[in-house]
Structures are given as structure tokens and as C-alpha cells.
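S.K.:
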Amino acid sequence: MRLAVFFMRVLEAMFFVGLVGSAVVVVISFVEDSKELFGKD
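Once you know that position 33 of the sequence shown is 22 in this note's numbering, the rest is easy, because the numbers rise by one and skip nothing.
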């Protein structure tokens, strides 16, 4: 049972790391797109 709880915690940590990574990618994409849209013509 302890092993199952350990693996659940590991998967939970991996999920949150992936979520943070996805948020970083979205922010970087937003910044790059805003530079493209509002940059020099």
C-alpha cells in the first residue's frame, strides 16, 4: 500500500511539473506573438 501511495505522489508531482511547463510555453508563445503583432511594420 505504501508503494502505491508513493507512486501516486510521484505521478502527482509529474502532473504539476507538466502543468507549470505548459504554462511557461503559453506565456512564451504569447510574448513572441505580441512582438510579431505589435512590432515594427
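Glycine included, each C-beta is placed from N, C-alpha and C at the ideal position.
None of the values given here were measured: they were computed from a predicted structure.
Taking the C-alpha atoms as reference points, what is the distance between residue -8 and residue 12?
M.R.: Looking at the two C-alpha atoms, the distance is approximately 30 Å.
S.K.: If you draw a straight line from the alpha carbon of residue 24 to that of residue 3, how long is it in whole angstroms?
M.R.: Spanning the two alpha carbons is a distance of roughly 32 Å.
S.K.: For a test of the three-state rule: what should DSSP assign to residue -3, helix, strand or coil?
M.R.: DSSP places residue -3 in helix when its eight states are reduced to three.
S.K.: Can you give me the C-alpha to C-alpha distance between residue -10 and residue 16, rounded to a whole angstrom?
M.R.: Rounded to whole angstroms, residue -10 to residue 16 spans 39 Å at the Cα level.
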